[in-house]
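In UniProt numbering, the protein residues as written are 1 to 995. Right, one structure below, let's go through it.
Here it is in C-alpha cells:
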C-alpha cells in the first residue's frame, strides 16, 4: 500500500509542473506549495495533527473570549489529554476563546451615569406588581425582586437604544412560481423584486429575510381572488449585465399575514397591565428584518443576524484555502422601557478568493476525501468560453487526461477533457492529472471541468468543520481586548450595519438607533471561602488560588493501578525504565495531596510500542494500535481500576480510541498525560493530574467552607444538583449520526462528585429523549450514597437557545416528574422534591465593560460581576453572571434564566449560590465561567463523542461512511455498535470518568 501511494506521488509529480511564484498571491503560498511537492515520504502528506494535544491547553472555551464557536464542537472528544492545565483551568474545549493581545484598557474611561430609565427604580415597582398577577400557562416564572448584594458598579454594555414611532408594520409571506429550493436563487429573486419598477413605490419602506418573509412600513396593495401583490421577474446572476435569451422568469407573490402595531411593544416593555403574557417575538423578528436591510445589501449574512463585509475589511490568512473576516452581529431585544439593539463583533472563515487549482495543490493527491468535502457547494467562475459563467461544485471525478466522452463537435468517438480543451479553447492544461470538478448535469452525464480554469468567487463563508490548524489561527484573529472590541462596535460596527450614519435607511422606515452604548447597574459579589481537608483556606486572588500546602477535602484510595507508556515515534517517548521514577514521583504527589496510596503494591507498568500509523487499516481510528493497547491492558492481572496512560504524540485516534476501549469495553478508568510534559516530573503538573485521579476515584478535591453563607441554602436540607446537555453531530459527520445526551447529578453534600448518565438519541434533537430513565439513575445513585432522596433539586440545563425555554419546561419537566413518580417519600406519600430549573446560556452576544479601573480586570469586569437590570428580561427571572476571570480576550458572562421554580428563590439567594458553585469545579483551582453541573454535562457529552469519533469525522475517513451511500438507518446502527453498552461498567458507572 505504501509503495502504491509513493508511485502515485511520483506520477503526479512527473506529470505536473511546479508552479511559478507569480501564480500565487504571496510568497507564503508559494512556500507551502514547495513543501507540498517535496513531502513525499511513505507516511503521506496529509497526516493532520488532530484537535489539540493531551494536557495541552485548547481554546479558551468556557473561560475564554470572543472567538465564536470556531466551526462547531468538533468530532469526537478533543485530544486534550487528562493532565496539566487542559480544560481544568477553564481553558480548553469546544466553545471558542483564544489568545489576547495585551492587557487592554478601559473603554471610554471616565464618569458614567446610568440610563435615565433606571435611575428612578421604576422597575422595582413593576416587579412588585408581578405578585398581584395571575401566572398564565405560557408564562415563565416572574422575577421576584432585584439583587442588592455586592459592590455596586456602573457598566457599559453593547446595547444601543432604538427609537421608533407608533406605527404599523405589515408582514407578508413570499412565494415564487416555479418554486425553488435553492436559497441563493431565492435571495437573488427578492433582490430583483426590490429593484423592479412595479415595486419601486414600496422599496424604500420594505425589507426581507432573504427567504420567505417581507415586511414593510407602508402597506402594499393586494389584488385578485388570491389577494396578493404579484410581480414577474426574469432571473440573472449578480455581476451579469442582464438576463440572456434562455433566462427563466419567476412570478413573485406577496400575501399579507400579520399587521404589527408598535404601540403594543411600547406597552410590553413599559410593563403595562395585561401585557405580561404578550408574545413580542413576531414583532421583534420584524424589527430585525428592518435592521437587516442595509447589511444585506452591502455584506454577506452568515447564520442568524451576522454580517460580514469582505470588500471593506482586511482578510486574515488562515492557510489552506481559508481566510478570516471580522463582521458584526445585531439583534433587537426588549428591556425595561427601552427597545435595544445588541451589537457584537464576530469572526468567521471564508473561502479564499483566487484560482481553484491553488486549493487543489495545497490538499494534494492523498487528501481527496477531505478536498471533496471542503469544496462541496463552492461557487466558482469560469471565463474560458468568452462569457463569464458561475457554477456550483458538486463533486470530483477522474482527471482531464483519464476522463473521455463522446464529442460530436469534433466527430470523435471518444476524446479526453485534456485534448478537448486544447482543440476547443487552445488551452494546454498544466495539471491534467488532478481531479475534474463536477459543476452540474445529471448522474449519468455530469458536466465536468478542470479546476485550473475556475476561480473561487469572493464572499463565500466556509460552513464546514475547521481543522485544528484553522481553529488555532481563528483564535488568534478573533481574540481582542475588551476596549478594542468595544471601539470596533461603536465605530465600524454601527456604520457597517447601517444603524447610524447618512447612508442608514432606518430613519425613512421610522427608526433611529442611538450611537452610545447603554449604561446599566451591576454588582460585584464577594468570593466564597474555599475549604480543604486540613482546614486550609487558600487566599483567593481574582477567582484563583493554588494547591500549595493543602490536602484534598476527601482523598480517594489508589490501591490497584497501572501505567502504560505508549511508544509511537514521538521524540519524547518514555518507557518503563525511564518512566518508573516519574510515575512513583507522581504517586508521592498524590499521597501529599491527601490520597491514600497503597505502597505495598507497586503499579503494573507496561511498554506499549504501537504499529506505525501508515500501516494501519484506517489512519482515522488506528484499529491495530488500539488493539495493541487492549492486549497490553488485558495482560495486567489483577485488572487495574485506573490506568495512567502516557501518550507519545498528539493523535486523536489514540486518545479517542483509548477512551472508547476503556470506558465501553474494558470498564477501566483512565487518565491520559502527554509524555513531553510528564517526563519533566514537575510538581505543579503532577498536582494537576492528581486532581483528576482523585475526582475519578470518588474523592472530593475541595469544597466551600461550611460556614460560608452562600451555601447555607443547600445545606439546610438534602439537596441535589443536576446538569444536562445535548451535543449534536458537527459539520463533516456522517449523515444521520445520533446526538448524545448527558445528565450528571451530585451525590454528596459538598457537591464534589457528579456521576453521569449518557444516551444516544435522534440526530440533532435538542430535547432529551430518555430523561426519565437518566434521572432515575441519578436519583438512585444519590439514594445509595445518602440513604435518603433529595428534598430539593436544582437542575441546570445547558445548550438551549432562548426560543426553546418553554419547550424545556413543556417537554423535559414532565419527564423529570415522571422519574419522581417512581419513588415514595419516607412517609409513604408520593415523592415530590422542590424543583428549580435554570437554563445556563453561553451562546449569546451580551458583553459588559467596566467604566472604572478599580472595577476592571484587564479591561474586563471582575469575577463575580452580576447584572439583573437594564438588559435583562422585562418580566422573566434572569440574570447575567461573570463568575470567572477573563484569561484573555473579552469575557462572556453566562446568562441564567429560571424556567421553573418551586423553591421560591430570591435574587440574592440564587445569584450568590450560583456564584459560589462556580468555585467547585473539581478539575481547577479557579472559578469557572458556568456553574459546574452544566459544565460537567458538557464534558460528559464530549466524552460520548469519543465513542462515535469515526462517524463524527467521516469526511476524514473511508468513503463508505461519508459518500458511499450509507442510509441514515445504517449510520444509526453503526453508532449503536460503536456505543455498545456505553459507560455502564461496574467500575466506572457511578464515577466522574469523563472529567
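The beta-carbon is built from N, C-alpha and C at its ideal position, and this holds for glycine as well.
Check: Go ahead and pull the three-state DSSP assignment for residue 950.; Outcome: helix
Check: If you count every other CB in all the chains shown that lies within 10 Å of the CB of residue 733, and 16 or more means buried, which is it?; Outcome: buried
Check: Under a Cβ-count criterion, where at least 16 other Cβ atoms within 10 Å of its own Cβ denotes burial, should residue 344 be classed as buried or exposed?; Outcome: buried
Check: Give me the Cα-Cα distance between residue 489 and residue 721, rounded to the nearest whole angstrom.; Outcome: 38 angstroms
Check: Ignoring anything shorter than 4 residues, give me the alpha helix (DSSP H) runs that lie fully in the region 227-293, in order along the chain.; Outcome: 262-270, 281-291
Check: In chain order, which continuous runs of the beta strand (DSSP E) of length 3 or greater are located wholly inside the region 541-627?; Outcome: 561-567, 604-609
Check: Given this structure, state the Cα-to-Cα distance separating residue 386 from residue 451, to the nearest angstrom.; Outcome: 17 angstroms
Check: Tell me, to the nearest whole angstrom, how far the beta carbon of residue 838 is from that of residue 982; I am working on the premise that it is less than 8 angstroms.; Outcome: Between residue 982 and residue 838 the Cβ distance is about 27 angstroms, and since that is not below 8 angstroms, they are no contact.
Check: For the alpha helix (DSSP H) that contains residue 787, what are its first and last residues?; Outcome: No alpha helix (DSSP H) contains residue 787, which DSSP labels as neither H nor E.
Check: Once DSSP output is grouped into helix, strand and coil, what is the label at residue 701?; Outcome: coil
Check: With DSSP collapsed to three states, give me the class of residue 484.; Outcome: helix
Check: On a CA-only basis, which of 803, 780, 845 is nearest residue 824? Give me that one, please.; Outcome: 780
Check: Indicate the three-state DSSP secondary structure (helix, strand or coil) for residue 678 in the structure shown.; Outcome: helix
Check: Do residue 155 and residue 848 come within 8 angstroms of each other at the CB atom, strictly closer than that value?; Outcome: yes
Check: Tell me where the beta strand (DSSP E) around residue 118 begins and ends.; Outcome: Careful: residue 118 lies outside any beta strand (DSSP E), inside the alpha helix (DSSP H) at 116-119.
Check: Report, in whole angstroms, the separation of the C-beta atoms of residue 926 and residue 544, which I expect to be a contact under 8 angstroms.; Outcome: 4 angstroms
Check: Hey, out of 588, 255, 162, 735, whose CA is closest to residue 225's CA?; Outcome: 255
Check: Using 8 angstroms as the threshold, is the region 689-709 in touch with the region 748-755, meaning 3 or more CB pairs across them?; Outcome: yes
Check: In chain order, what residues of the same chain have a beta carbon less than 6 angstroms from the beta carbon of residue 980, not counting five sequence neighbours either side?; Outcome: 664
Check: Enumerate, from N- to C-terminal direction, the unbroken alpha helix (DSSP H) stretches of 4 or more residues contained entirely within the region 108-175.; Outcome: 116-119, 122-130
Check: Which residue or residues does DSSP assign as beta-bridge partners of residue 1013?; Outcome: The question about residue 1013 has no answer, for the chain in this structure spans 1 to 995.
Check: Can you tell me where the beta strand (DSSP E) with residue 825 in it begins and where it stops?; Outcome: Counting along the chain, residue 825 falls outside any beta strand (DSSP E), and DSSP gives it neither H nor E.
Check: Given that a residue counts as buried once 16 or more other Cβ atoms are within 10 Å of its Cβ, and exposed if not, what is residue 729?; Outcome: buried
Check: Where does residue 688 sit, in a helix, a strand or coil, going by DSSP?; Outcome: helix
Check: Please determine, among 162, 230, 170, the residue with the shortest C-alpha to C-alpha distance to residue 193.; Outcome: 230
Check: With DSSP run on the structure shown, which of helix, strand or coil describes residue 923?; Outcome: coil
Check: Are the CB atoms of residue 167 and residue 262 within a distance shorter than 8 angstroms?; Outcome: yes
Check: Would DSSP call residue 333 helix, strand or coil?; Outcome: strand
Check: By Cβ distance below 7 angstroms, which residues in the same chain neighbour residue 346 in space, the five residues on each side in sequence not counted?; Outcome: 68, 306, 327, 328, 329
Check: Could you check where the beta strand (DSSP E) with residue 463 kicks off and where it finishes?; Outcome: No beta strand (DSSP E) contains residue 463, which DSSP labels as neither H nor E.
Check: Which residue's Cα is closest to the Cα of residue 999: 137, 617, 831, 616?; Outcome: Residue 999 is absent from the model: the chain starts at 1 and stops at 995.
Check: Can you tell me where the alpha helix (DSSP H) with residue 819 in it begins and where it stops?; Outcome: 813-820
Check: Of all the options 840, 789, 258, 806, which has the alpha carbon lying nearest to the alpha carbon of residue 827?; Outcome: 789
Check: For residue 600 and residue 590, I'd like the C-alpha separation in whole angstroms.; Outcome: 15 angstroms
Check: Quick one, which of 341, 473, 199, 987 has its alpha-carbon nearest residue 324's?; Outcome: 473
Check: Between which two residues does the beta strand (DSSP E) holding residue 199 run?; Outcome: It is not in any beta strand (DSSP E) - residue 199 carries neither H nor E in the DSSP assignment.
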